[in-house]
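Chains as they are written, first to last, in my numbering: chain A, 34 to 463; chain B, 382 to 619. Here a beta-carbon is modelled for each residue, glycine too, at the ideal position from N, C-alpha and C. Since the model is a prediction, treat every value here as computed from it, not as a measurement. Notes follow once the structure below has been shown.
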């Protein structure tokens, strides 16, 4: 594809009219018909304004795309070289300076932040965990999972049910929930081993809904839509409440310090930060191990994998299980942070949001997922004044992405892998 | 003759109700170069994939080194010395040449990866020039070389090649067959599935002709090259 910047008035007109027509179809019934009690009035003027705005926008966009600058931009977005960039092996990313810095800032945050900021950041980190987990399944292994929220729910309800029936605390449930979610991941993984693309998406979507419906309808056990209460974490048996509940000791009495209601969130934040760091590290190592390469190979060409004798059962199941267990961890944190769970937190919209994080961040890009998770959870907080337009902004963002960055915000740069540099190898490199 | 390296005994393969292979029997001796020629849809690729159990033989048996592998998993087969360069090359587009080669060791472990990779770079110098380039950005011929090299990375005893000449320029096809001849001379056992009968028969010690799922003819490469029927059907009649 050559960078052609010729001016084409015909295409310009066609694009504009087409956009106008589409706007008419979409906005016509939505904006043009105004209900008033049991009657309605037709408001053609509003439709006309909407359509005009869309046509002007499309005209400007097309004009820009036909200009030399626009054509160049288009090229850069989706040239023949788009996709994953493989850096030479041995390349050392600048991230190795930035990561410790970010960690330090992260550790220092509780000393500056108020409770509001802290809760927003906790939510952001929970979505980072979810994004990282789904990134294994969708971004690396290429298995489209639309019911990912099920594993999140399993983690969250794991803590609630474990507390209510087995008297388990946060620390016991944390590993157990990861395990339970992994088992659920395997249960989902087995029947869908032979499925691809759309079919896989439909089955996983169904799985997500089944879990939510069970939680919603099994009133005797889960409390149904009323939800369940969830305990706060403890610090070596010390509680973060003003008054201890079950004969425990609150931390401020033990240490003789004044009570601080934020302490619970600071503690959750620090534990969560540690878990996120750990998951990031494990994921980073995994992508360099044979299993990580096998996931990527499976995404790129399943038939080639089979021809090479890759055990695709193991590879797919491991992707599902690891992805699920990460969501299980996220669920436990979500539950303890809220102090309460109910099924309405685990709807399909949540799955879509997590998927949007992975797509927005760039399939397979760890950094992209971390950034996208914060953008999509923190941005709605900053944009509270525009709360009504949130979904609209979301849609516009997605459309722009698909035009210019179809492979995600962060282009995946992957350091190439080569065999351990032995004597022979160094000789070859010179 | 001693036990053949690979042997098919009356193998039937079905895709649903459609029979793709019908009582196929063939054998490949150690160190031999054997090719299987036939028209589109004759079942050649099915035969290759059935060695890996995908699809599985409905009846009959497949022996490898005298051992029945009919019901073995594909990774078992790959880990025990059979490698294949699949039809249409199927290199991993977003992986570099080196990473693609490393993928070839996944069934056997990367113990000898460094030295084997050097060997591949000697066999295909073009790959060395492109070692850190993504496979997607290479030409068809280079991708084919990569697919063959990737298969060789598992140190196979038997190399299966599915249409290595597919969609390549004649000069590149000649290069690739030249390399295959080198491999054969080093003692590698090759099983070649080809539509390009001329090149395949010239390279092979023996060959089988497959028509609609059945083996119709067999003989040495030279015999089949001279056979009027084969010439008519697969060599353009001249």
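Cβ of residue i within 9 Å of any chain B Cβ
| i | result |
| --- | --- |
| residue 414 of chain A | no |
| residue 121 of chain A | yes |
| residue 228 of chain A | no |
| residue 174 of chain A | no |
| residue 352 of chain A | no |
| residue 383 of chain A | no |
| residue 242 of chain A | no |
| residue 272 of chain A | no |
| residue 183 of chain A | no |
| residue 330 of chain A | yes |
| residue 196 of chain A | no |
Span separating the alpha-carbon of residue i from that of residue j
| i | j | result |
| --- | --- | --- |
| residue 210 of chain A | residue 337 of chain A | 35 Å |
| residue 332 of chain A | residue 351 of chain A | 14 Å |
| residue 401 of chain A | residue 251 of chain A | 38 Å |
| residue 301 of chain A | residue 482 of chain B | 45 Å |
| residue 221 of chain A | residue 370 of chain A | 28 Å |
| residue 330 of chain A | residue 74 of chain A | 58 Å |
| residue 567 of chain B | residue 356 of chain A | 46 Å |
| residue 594 of chain B | residue 427 of chain B | 9 Å |
| residue 200 of chain A | residue 232 of chain A | 40 Å |
| residue 315 of chain A | residue 215 of chain A | 16 Å |
| residue 58 of chain A | residue 71 of chain A | 24 Å |
Residue-level contact to chain A via CB, residue i, 9 Å cutoff
| i | result |
| --- | --- |
| residue 475 of chain B | yes |
| residue 535 of chain B | yes |
| residue 480 of chain B | yes |
| residue 505 of chain B | no |
| residue 551 of chain B | no |
| residue 443 of chain B | no |
| residue 458 of chain B | yes |
| residue 487 of chain B | yes |
| residue 526 of chain B | no |
| residue 471 of chain B | yes |
| residue 564 of chain B | no |
| residue 395 of chain B | no |
| residue 556 of chain B | no |
| residue 484 of chain B | yes |
| residue 577 of chain B | no |
Own chain partners of residue i with C-beta closer than 8 Å, once the 5 adjacent residues on each side are dropped
| i | result |
| --- | --- |
| residue 610 of chain B | 598 |
| residue 45 of chain A | 92, 95, 96, 99 |
| residue 390 of chain A | 160, 163, 164, 167, 402, 405, 406, 409 |
| residue 477 of chain B | 512, 513, 514, 515, 516 |
| residue 268 of chain A | 284, 300 |
| residue 438 of chain B | 392, 393, 394, 402, 431, 451 |
| residue 153 of chain A | 410, 411, 414 |
| residue 417 of chain A | none |
Spatial neighbours of residue i in its chain, beta-carbon cut-off 7 Å, leaving aside the 5 residues before and after
| i | result |
| --- | --- |
| residue 368 of chain A | 189, 192, 193, 263, 374 |
| residue 112 of chain A | Residue confidence is low: residue 112 of chain A scores 45 on pLDDT, short of 50, so the model does not pin down where it sits. Its coordinate-derived value is still stated next. No residues qualify anywhere along the chain. |
| residue 53 of chain A | 84, 87, 88 |
Same chain only: Cβ atoms within 6 Å of residue i, ignoring 5 sequence neighbours per side
| i | result |
| --- | --- |
| residue 554 of chain B | 546 |
| residue 461 of chain A | In this prediction, residue 461 of chain A has a pLDDT of 39, which is less than 50 and means its spatial position is unreliable; what the coordinates show is noted afterwards. Correct list: empty, nothing qualifies. |
| residue 541 of chain B | 429, 465, 572 |
| residue 348 of chain A | 327, 331 |
| residue 40 of chain A | 99 |
Per-residue DSSP class, three states only, for residue i
| i | result |
| --- | --- |
| residue 595 of chain B | strand |
| residue 75 of chain A | strand |
| residue 600 of chain B | strand |
| residue 375 of chain A | coil |
| residue 127 of chain A | coil |
| residue 454 of chain B | coil |
| residue 408 of chain B | strand |
| residue 464 of chain B | strand |
| residue 492 of chain B | coil |
| residue 111 of chain A | Because residue 111 of chain A sits at a pLDDT of 48, beneath the cut-off of 50, its placement in the model cannot be relied upon, and the following sentence gives the value as read from the coordinates. It is helical. |
| residue 420 of chain B | coil |
| residue 444 of chain B | strand |
| residue 268 of chain A | strand |
| residue 475 of chain B | coil |
| residue 262 of chain A | strand |
| residue 541 of chain B | strand |
| residue 487 of chain B | coil |
Item to complete: Give, in chain order, every residue of the region 332 to 344 of chain A whose Cβ lies closer than 9 Å to some Cβ of chain B.
Response: 332, 333, 334, 336, 337, 338, 339, 340, 341, 342, 343, 344
Worksheet item: Residues in the region 293 to 326 of chain A with C-beta within 9 Å of chain B's C-beta atoms, listed in sequence order?
Response: Legend: CB atoms of the region 293 to 326 of chain A lying less than 9 Å from CB atoms of chain B belong to residues 323, 326.
Worksheet item: Which of the residues in the region 415 to 442 of chain B, read from start to end, lie with their CB under 9 Å from any CB of chain A?
Response: Within the region 415 to 442 of chain B, the residues whose Cβ lies closer than 9 Å to some Cβ of chain A are 429, 430, 433, 435, listed in chain order.
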